[in-house]
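Peer 1:
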Amino acid sequence: MASQTLKMNPTTDDTSQQPACVLIVDDERHNRELLDVMLKPEGYLLLSAANGEEALALVARQPPDLILLDVMMPGMNGYDLAATLKSDSATKNIPIVMLTALDDRNSRMLGLSAGAEDFLTKPVDRGELSVRVRNLLRIKASGDKLRGALEKLESVNAQLDRHTKEIALAQAIADGATARLARLQNITAALSNTVTQDEVADSVLREAILALECDAGAVVVAAEPGQHLTLLRESGSLDPVMRSFEYLQPPRSLGPYAEAVDKYHPIYLESFEEMVARYPEFENVSKGISRGAWIFLPLGIAGLAVGALAFGFAGPRKFTLLDRHFADTVARYCAQALDRVRLRIAAAAALGEASDARLMAEHANNAKTVFLRAMSHELRTPLNAIAGYTEILELGIRGVVNPEQIKDLGRIKRASAYLLRLINDILTIARLEGARPLNVISILVSPVLAEVEGLCALQAKAKGVTLTATPCAREIVVAADAERFQQILLNLITNAIKFTLTGGSVGVTCEGDASVVRVRVIDTGVGVRPVDIDRVFEPFVQVDRHLTTATQQGVGLGLSISRELARAMRGDLTLESTEGVGSIFTLLLPTTQETSDAAGTTACAVATDDSPYAPALAS
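When the letters of the sequence shown are read in order and numbered with my numbering, they come out as residues 6 to 624.
#1: Could you check what DSSP says for R525 in three-state terms: helix, strand or coil?
#2: For the structure I just gave you, are there three or more beta carbon pairs, one from the region 63 to 72 and one from the region 37 to 48, closer than 8 Å?
#3: Measure how close the beta-carbons of V297 and F316 come, nearest whole angstrom, since I'm counting them as under 8 Å.
#4: Taking buried to mean at least 16 other C-beta atoms within 10 Å of its own C-beta, is A351 buried or exposed?
#5: Please list, in chain order, all residues of the same chain as L570 whose beta carbon is under 6 Å from its beta carbon, the five residues on each side excluded.
#6: Tell me, to the nearest whole angstrom, how far the beta carbon of V205 is from that of L364; I am working on the premise that it is less than 8 Å.
#7: Which one or two residues does DSSP pair with V226 in a beta bridge?
#8: How should S208 be labelled, buried or exposed, when 16 other C-beta atoms within 10 angstroms of its C-beta is the threshold for buried?
#9: Which residues mark the beginning and the end of the alpha helix (DSSP H) in which I99 is found?
#10: Among residues of its own chain, excluding the 5 on either side of Q557, which ones have a beta-carbon nearer than 6 Å to its beta-carbon?
#11: Taking its Cβ as the centre, do 16 or more other Cβ atoms sit within 10 Å of M114, making it buried, or is it exposed?
#12: Let me know if T499 comes out buried or exposed under the rule of 16 or more other beta-carbons within 10 Å of its beta-carbon.
#13: Can you say whether D220 is buried or exposed, counting buried as having 16 or more other CB atoms within 10 angstroms of its CB?
#14: Report the CB separation of G532 from S582 in whole angstroms; it is logged as a contact under 8 Å.
#15: Within its chain, find whatever has a CB closer than 7 Å to the CB of L210; leave out the 5 residues flanking it on each side and keep chain order.
#16: Do F301 and A265 come within 9 Å of each other at the CB atom, strictly closer than that value?
#17: Whose CA, out of R329, R349 and P271, lies closest to the CA of G312?
#18: Suppose you measure from the CA of A484 to the CA of I446; what does that come to, to the nearest Å?
#19: Return the residue from the list V541, L495, A478 and D537 that minimises the CA-CA distance to G517.
#20: Among G260, S242 and L234, which residue has its Cα nearest to the Cα of E251?
#21: Does DSSP put T499 in a helix, in a strand, or in coil?
#22: Provide the residue(s) that pair with L71 in DSSP beta bridges, ordered along the chain.
#23: For I527, which option in V541, R572, R568 and L592 has the closest C-alpha, if you only look at C-alpha atoms?
#24: Run through DSSP, which three-state label would C219 get?
#25: Taking only the alpha-carbon atoms, compute the straight-line gap between R110 and K150 and give it to the nearest angstrom.
#26: Of all the alpha helix (DSSP H) runs that stay within the bounds of the region 41 to 66, which reach a length of 4 or more residues?
#27: In terms of residues, what are the limits of the beta strand (DSSP E) holding I306?
#28: Nearest to T529 by alpha carbon, out of G401, A88 and G585?
#29: Tell me whether the beta-carbon of T475 lies closer than 9 Å to the beta-carbon of T514.
#30: Hey, D93 and G83: beta-carbon distance below 9 Å or not?
#31: Start and end of the alpha helix (DSSP H) containing I272?
#32: In whole angstroms, give me the CA-to-CA distance for T193 and Y338.
#33: Can you round the beta-carbon distance between P595 and V521 to whole angstroms, since I take them to be within the 8 Å contact cut?
#34: Is the distance from the Cβ of A55 to the Cβ of D31 below 9 Å?
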């Protein structure tokens, strides 16, 4: 049974059952065929060539595992072919067995010198051929395996060397990063205590110069974007390049400062040659330049630069990503700190202006209050005289008055009453704005409702409107200013009567629980459109003015005042209405006073003068 030789893969430790390849090189055909017959039972893959040139071509296409080589051939003999194969790194490890009829020592020495591993003397013995081929193939397989292991070991060693260098580099970078992180922390701590731009610049330059190991640094700023840059702080001796900001005037010339500020991106110049190539205008000042690398960083917030941070180095420098990241971070911290200082200064100035404005407003408000009080007193006196003398004339004390004159006197009375209400409304609004205290006490609701019903009864009767107040539980109590509570109810009921047509009705109900009392004024009047419900509480707004007659005139202050008063007493006033059906105004007030109000008053708006509404309604 033919044997097969294991062929080793030269680059791995794996083996496969592929047959070994043997190349037979002999110029005699019968010799090639004889060797083929001898080796075929071994199961080898057999190739043959008739001369050296043909053998080289075969080896290039399919390198064999072993070569049986005849020595005496025309052209390239066996010695020359062996020497050629052994000189090539791709084929030098292929074992060569020389076949020769020469048995002298000199011939063997020539073969060994050419690189042959073994010799067989012609005529070849079949058994010897089989053993020697098998042994050499085994040796080659072991050699291939050993070389593969060596190559793998070399590769592993190379990787270890690279990893060692990478680890050392990473450690160096980490050490540098740690040191710079500490510098950034120092900068952050220092900037948190700075109150002026000079302190900001000093803190940044001190730590950044140490971290970057540079020789000079500068912070330049502009009062406003686009304005001339001026030196805020410097450290070290600035060269002409770093002082080029002194020559920048709008419109800006070329230069690293101008590019960093105008284009809002950092400039890194790693050598003098790079600087001159990028900014030729500096070539003529090279004698004054001792540094060979520069960094220019914009200082700004939200993409708007208002200055620059610059660093200079004594010689050329290759800026690493760590250098760039650190410098960019320092510039960002510096810009933020400068902006905080600017905002703090602006806030202090604004606070001073606001304080002055507040004092002026208080003086103006006090003057307004004094004026309104005086106006109220001065205008009420002649209005009361007009109303009084009108009544005297109506009574006929000065003589008989005919029906036409009585109508005229009625118009005078209504006009004076309207003017008096207008004066009182304006005065009430002024008092609301003055934030004066209310006298909040516990009030029984039932007596107040009864009194207000009596005050409004004549107005309802004159209008032909039915006024009904549902009896209120006597124990219901509200926490309110008594005068202002009555004022709100008067406003709501008189307003309901005014906008309810003859034959309609106005009703008043009251209910309460542990925390709130609800007083509702319900009318069958004209109602309010949904879009106007919120507007009825705005000052000087009358959404149904087209329905108001001369006897119903007003300026639209009553509801606005009423809601402000309700809210001042920790309550509210709301409206539900359907156009053409009627309206429901709900007054909500608390049942208890604020526990924090030791004096029994709550901050709000209205002085406790006598109510101006009672005389107006009575008239």
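Glycine included, C-beta positions come from ideal geometry on N, C-alpha and C. Model, not experiment: these values are computed from the prediction.
Peer 2: In short, the structure shows the following:
#1: Reduced to three states, the DSSP call for R525 is strand.
#2: no
#3: Note that residue 297 is Gly in the sequence shown, not Val. In fact, because the Cβ distance is near 13 Å, the residues do not count as touching under 8 Å.
#4: exposed
#5: Around L570: R489 and I493.
#6: V205 to L364, Cβ: 34 Å. No contact.
#7: Partner(s): T235 and G312.
#8: buried
#9: Segment: none, I99 is in no alpha helix (DSSP H) and carries neither H nor E.
#10: Any reading at Q557 is ruled out, since the residue's pLDDT is 48, under 50, leaving its predicted position unreliable.
#11: exposed
#12: buried
#13: buried
#14: 5 Å
#15: G222, V224, R238 and S240
#16: yes
#17: P271
#18: One alpha carbon belongs to A484, the other to I446, and they sit about 5 Å apart.
#19: Residue nearest to G517 within the set V541, L495, A478 and D537 is A478 (criterion: CA-CA distance).
#20: L234
#21: helix
#22: V27
#23: L592
#24: In this structure, C219 counts as coil in the three-state DSSP scheme.
#25: 33 Å
#26: 57 to 66
#27: A298 to I306
#28: G585
#29: Pairing T475 with T514 gives a Cβ-Cβ distance under 9 Å.
#30: no
#31: No alpha helix (DSSP H) holds I272; the beta strand (DSSP E) holding it covers I272 to L274.
#32: 8 Å
#33: 6 Å
#34: yes
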